[in-house]
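Using UniProt numbering, the first residue of the sequence shown is number 1, and each one after it goes up by one.
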Amino acid sequence: MFGPLEFILAGVLVGFCVGITGVGGGSLMTPILISLFRIEPHIAIGTDLLYAAISKFCGSFVHAKKLNIVWPIVLWLAIGSIPASFATHWVLDNYLSQSTHYKAVLTMVLGFMLTITGLSIVFRNQIEKFFNKLRKDELPDMTEDLEKVQLQTSNKRKYIVMMGVVLGVFVTLSSVGAGAFGIMALVIMFPNLPMIRIIGSDVVHAVLLTFVAGMGHMTSGNVDFHLLMWLLVGSIPAIIIGTLISSRLPEKIIRKVLGITLFALGVNFMLNPIKAKPVKPAETVQVIQISTVKNASV
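As structure tokens, then:
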């Protein structure tokens, strides 16, 4: 059995990696909970969603203070993602939660998202170079730049809402993707927007989405609050320390190791999904045993 010390150390590991590399905690925490601690997939995902919401909440304050958030983008993303999260949770509760394929579906979706995230981390430099070709010279006047972004947002809001729907579904199913998918989509749609404002807007939207998705899982009993508390105890100080010393460590090497690890875990989850034990055969065995005992007594 694992205790508070092991959970705190897991929080320290994830928080330290997040502080150094900026990789989303969900990409690391969920596979650790499932693979290392043998936590059930639905419990790991539900707990990790609230963990991500709380840990990202602190970062959102920093971005808000530095005016790095484009609120219209956050709004239209949330208009798509929040209802999609509710709908996905409703389908899980009413159609999949009692199915023997429930855990397999969750782990396969998780594996797919981890694979994509791992590839995006390993090839981040190539991806950034490709997108930088689309970028124009950024305007020095942030007020004028913001006005142009707001105009572009109103013209592209249907695409932003559609992206929000995709994020709402996948994040609710896997707790992974709010960062990797969100940032890539915003870079494509707003090539002239400074990267720091894309990250700030994505972080705030991720807080909203993971909180709503986590609360949905909580209503289904998929959140372990004891586990959540110890993970936060370890991760919050580690995030601060990792951020402070990130400039002194080989961030590129750490990123590649993390990316390859997540890719390997993702492929493993897709090829070997966690399956629930069938319920009906067990019930049949019990019925046979009961009938045998009755016959013997007669």
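For each residue, glycine too, the CB sits at the ideal point set by N, CA and C. Fair warning: this is a prediction, and the values are worked out from it, not measured in the lab.
Here DSSP, grouped into helix, strand and coil, assigns ASP93 to helix.
Distance from ALA78 to GLY11 at the Cβ level is roughly 28 Å; contact not present, criterion being Cβ atoms closer than 8 Å. Under the three-state reduction of DSSP output, LEU28 falls in the helix class.
The C-beta distance from SER175 to LEU49 rounds to 5 Å, short enough to fall under 8 Å. Counting every other CB atom within 10 Å of its CB across the protein chains shown gives PRO4 a total below 16, marking it as exposed. By the beta-carbon neighbour count (other beta carbons within 10 angstroms, threshold 16), LEU271 is exposed.
Take SER85, set aside five residues on each side of it, and the residues of its chain with a beta-carbon closer than 8 Å to its own are GLY168, VAL169, VAL171, THR172, LEU209, VAL212, ALA213, GLY216, in chain order. Selection LEU33, GLY19, GLY221, GLY15 evaluated against LEU244 yields GLY19 as nearest (Cα-Cα). In this structure, VAL70 lies near ARG197, with their beta-carbon atoms less than 7 Å apart.
Looking from the CA of GLY46, the closest CA among PHE225, SER35, ALA264, ILE236 belongs to PHE225.
Distances from the CA of VAL166 to each of PHE123, GLY221, PRO250, THR88 were compared; the closest alpha carbon is that of THR88. DSSP places LEU50 inside the alpha helix (DSSP H), whose first and last residues are 41–65.
Between HIS42 and the set LEU96, GLY15, ILE54, LEU9, the nearest pair of CA atoms involves LEU96.
In this structure, the straight-line span from the alpha carbon of HIS63 to that of TYR51 is close to 19 Å. Between GLY15 and ALA238, the CB-CB gap stays under 7 Å.
Non-local C-beta neighbours of THR115 in its own chain, meaning closer than 8 Å and more than five positions away in sequence, comprise LEU262, PHE263, GLY266, VAL267, MET270, ordered along the chain. Counting of Cβ neighbours within 10 angstroms places LEU36 among the exposed residues, the total staying below 16. Nearest C-alpha to GLN126 among ILE274, LYS252, PRO273: LYS252. Exposed is the label assigned to LYS158, since fewer than 16 other Cβ atoms lie within 10 Å of its Cβ. PHE190 sits in coil when the DSSP states are folded into three classes, being neither helix nor strand.
The beta carbons of ILE160 and TRP76 sit closer together than 7 Å. With fewer than 16 other beta carbons inside 10 angstroms of its own, ARG248 counts as exposed.
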